[in-house]
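Under the UniProt record's numbering, the residue at position 205 of the sequence shown is numbered 205, and the numbers go up by one with no gaps.
Report on the structure given below.
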Amino acid sequence: MSYLRPLAQTGPMRPAEALPLAGGWSWFTHVERLSRDSAPEIVPVAELSDDERAPLTAPRAAVAGLSMDTPRIMAILNVTPDSFSDGGLHATGAAAREGATRLIAAGADVLDVGGESTRPGAAEVPIDDEIARVAPAIRAARAEWGGAISIDTRKAPVARAAVEAGATLLNDVSALDFDPAMAPLAAETGLPICLMHAQGGPETMQADPRYDDVLLDVYDTLAARRDAAIAAGIAADRIVLDPGIGFGKTLEHNLALLNGLSLFHGLGCPILLGASRKRFIGTLSGVDDAAARMPGSLAVALAAVAQGVQILRVHDMAETRQALTVWRAVEKGHR
Numbered sequence: 001m002s003y004l005r006p007l008a009q010t011g012p013m014r015p016a017e018a019l020p021l022a023g024g025w026s027w028f029t030h031v032e033r034l035s036r037d038s039a040p041e042i043v044p045v046a047e048l049s050d051d052e053r054a055p056l057t058a059p060r061a062a063v064a065g066l067s068m069d070t071p072r073i074m075a076i077l078n079v080t081p082d083s084f085s086d087g088g089l090h091a092t093g094a095a096a097r098e099g100a101t102r103l104i105a106a107g108a109d110v111l112d113v114g115g116e117s118t119r120p121g122a123a124e125v126p127i128d129d130e131i132a133r134v135a136p137a138i139r140a141a142r143a144e145w146g147g148a149i150s151i152d153t154r155k156a157p158v159a160r161a162a163v164e165a166g167a168t169l170l171n172d173v174s175a176l177d178f179d180p181a182m183a184p185l186a187a188e189t190g191l192p193i194c195l196m197h198a199q200g201g202p203e204t205m206q207a208d209p210r211y212d213d214v215l216l217d218v219y220d221t222l223a224a225r226r227d228a229a230i231a232a233g234i235a236a237d238r239i240v241l242d243p244g245i246g247f248g249k250t251l252e253h254n255l256a257l258l259n260g261l262s263l264f265h266g267l268g269c270p271i272l273l274g275a276s277r278k279r280f281i282g283t284l285s286g287v288d289d290a291a292a293r294m295p296g297s298l299a300v301a302l303a304a305v306a307q308g309v310q311i312l313r314v315h316d317m318a319e320t321r322q323a324l325t326v327w328r329a330v331e332k333g334h335r
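What follows is the structure in C-alpha cells.
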C-alpha cells in the first residue's frame, strides 16, 4: 500500500498544473508517495490517477454550518478545575459565560466546551459531574450566540445533554472507542463529529508510546475509525479527523505528524489540529509555563494552515485570529 502526501504550497503564483488541496487555499504540484516497504518518491500530479487525486482535491463539506474554504478557529472553553493550561479559569457559571463572551468577541468560529480534562495522567470524571459542568456553559453561550458550539466528551450521556443544551458539533478524543453509545448518538443526531487519534487513555497514554511509523500508523488508525463511524450510520461528510498531537506521542512523534500533516487530506475529511500550548512546544522553547506558550502555538498553527488544515483548536483566540488574518493577507498579497 502507498500513501500520498501533497507537498502543499500557498501564495498567489499558482502554476497552471497545480491542484487545489482539499478544495481550499493551499495547492500542490507534486506529492510524496510513501510506503512501509520502500523509499519515498516525489511524483508530479500529472502522474496521479483520478482516484488518487479525488480525495486530495475535493472540497470539504461544511462543518456545523461553517464552510471549509477558509481556515476556521475553534476556541477552547474548558469548564474544568484541572485542565493542563487553563484549569479553573472557567469552572463557575459566571466565569464560563464571561469566557464564552470573550472568545466570541475575539472571532471564534466554534466554541469547544469540555468538562473533563484529558491531560496526561488525568482521571475520569463521573458522568453527572461532567454534565453539571458543560450543560450550563453551553446554554449560556447559546443564549447569546447562534454560532457553532462543540462538546468535547467521550461519553454519550454527556454528549446528549450538551446537544439538548445547544451543542452542534461532537468532539470525541477516543474516536468512538470509549463509549459504545457515542456512534449511535452521532448517527441519530446527524451532527458532525470529530474523531481524534490517541494511543491509550489519559491515564496511561504518555507511558512509553511506540509506533512502527507514527505518520502512517496514525493515518491507518484514523482511516479505520472513519470507516467504523460510517458503518455505524454516520454520514461521511459529517466526519472531521484529528491526528491527536500529544495524545500518546513523544516529542519526535509530534514533530513527525506536524511535518507530514498534509498526508491526512488523503482521508477525504476536514482536518482539525489541537496543538495549542502543548508540552512539546515548551520542550522545544524551554518554556515550562503552559500559559506562556502562545508564540510557539501560533507558529504551529500557521504551519498547519499552510498545509491546508481546516480547523485550529486554540487557547489564545484573539492572538490566533490576528496572526491568521495577517498571514492570509501576506499569502494573497492583498487585504
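Even glycine gets a Cβ: it sits at the ideal position worked out from N, Cα and C.
Predicted, not measured: the structure shown is a model, and the values here were computed from it.
Query                                                                                                                                                                      : Result
I'd like the list of long-range same chain contacts for Ser-2, defined as Cβ closer than 8 Å, with 5 residues on each side in sequence excluded.                           : Arg-33, Leu-34, Ser-35
Going by C-alpha distance, which of Ala-141, Leu-169, Leu-4 is nearest Leu-66?                                                                                             : Leu-169
Contact check, Phe-247 vs Met-196 under 8 Å by CB: the rounded distance?                                                                                                   : 7 Å
By alpha-carbon positions, which one of Glu-331, Leu-257, Gly-268, Gly-266 ends up nearest to Pro-243?                                                                     : Leu-257
What residue range is occupied by the uninterrupted alpha helix (DSSP H) comprising Gly-296?                                                                               : 294-306
Apply the 10 Å Cβ neighbour rule to Pro-270 and answer buried if 16 or more other Cβ atoms are within range, or exposed otherwise.                                         : buried
If you draw a straight line from the C-alpha of Gly-114 to the C-alpha of Ser-285, how long is it?                                                                         : 27 Å
So for Phe-264, helix, strand or coil by DSSP?                                                                                                                             : helix
When DSSP builds the beta bridges, which residues end up paired with Gly-107?                                                                                              : Beta-bridge pairing links Gly-107 to no other residue.
Please report the Cβ distance between Pro-180 and Arg-238, rounded to the nearest whole angstrom; I am assuming they are in contact, meaning their Cβ atoms lie under 8 Å. : So it is not a contact: roughly 19 Å between Cβ atoms.
Starting from the N-terminal side, write out each stretch of the beta strand (DSSP E) that is 3 residues or longer and does not extend beyond the region 189-230.          : 193-196
Would you please state the rounded distance, in angstroms, between the beta carbons of Gln-310 and Gly-24? I believe it to be under 8 Å.                                   : 7 Å
By the three-class DSSP mapping on this structure, what secondary structure does residue 357 have?                                                                         : Here the chain has residues from 1 to 335 only, and residue 357 is not among them.
Got a sec, what are the start and stop residues for the alpha helix (DSSP H) Met-317 sits in?                                                                              : 317-332
Can you name the residues that DSSP bridges to Phe-28?                                                                                                                     : Leu-19
Beta-carbon within less than 8 Å of Met-13's beta-carbon, same chain only, minus the 5 sequence neighbours each way: which residues are those?                             : none
Which residue marks the beginning of the beta strand (DSSP E) containing Glu-41, and which one marks its end?                                                              : 41-44
Quick one: residues in its chain with C-beta nearer than 6 Å to the C-beta of Glu-188, no 5 flanking neighbours on either side, listed in chain order?                     : none
With a CB to CB cut of under 6 Å and the five nearest residues on each side skipped, what residues in its chain are close to Val-110?                                      : Met-74, Ala-148, Ser-150
With a threshold of 8 Å between beta carbons, is Ala-301 in contact with chain B?                                                                                          : Of the protein chains in this structure there is only one, and it is not chain B.
Beta-carbon within less than 7 Å of Pro-71's beta-carbon, same chain only, minus the 5 sequence neighbours each way: which residues are those?                             : Val-305, Gln-310, Leu-312, Leu-324
Check each candidate in Ala-61, Asp-51, Ala-54, Pro-6 and name the one with the smallest Cα separation from Glu-41.                                                        : Pro-6
Please list the terminal residues of the continuous alpha helix (DSSP H) segment that includes Asp-128.                                                                    : 127-144
Sorted by chain position, which residues of the same chain lie with C-beta nearer than 8 Å to Val-45's C-beta, five sequence neighbours on each side aside?                : Glu-17, Ala-18, Leu-19, Phe-28, Thr-29, His-30, Val-31, Arg-53
Please list, in chain order, all residues of the same chain as Ala-232 whose beta carbon is under 8 Å from its beta carbon, the five residues on each side excluded.       : Leu-176, Ala-183, Pro-184, Ala-186, Ala-187
Count Cβ pairs between the region 216-227 and the region 261-277 that sit closer than 8 Å; are there 3 or more?                                                            : yes
Check this for me: beta carbons of Ala-162 and Ala-135, under 8 Å apart or not?                                                                                            : yes
Output the boundary residues of the beta strand (DSSP E) element that contains Ala-148.                                                                                    : 148-152
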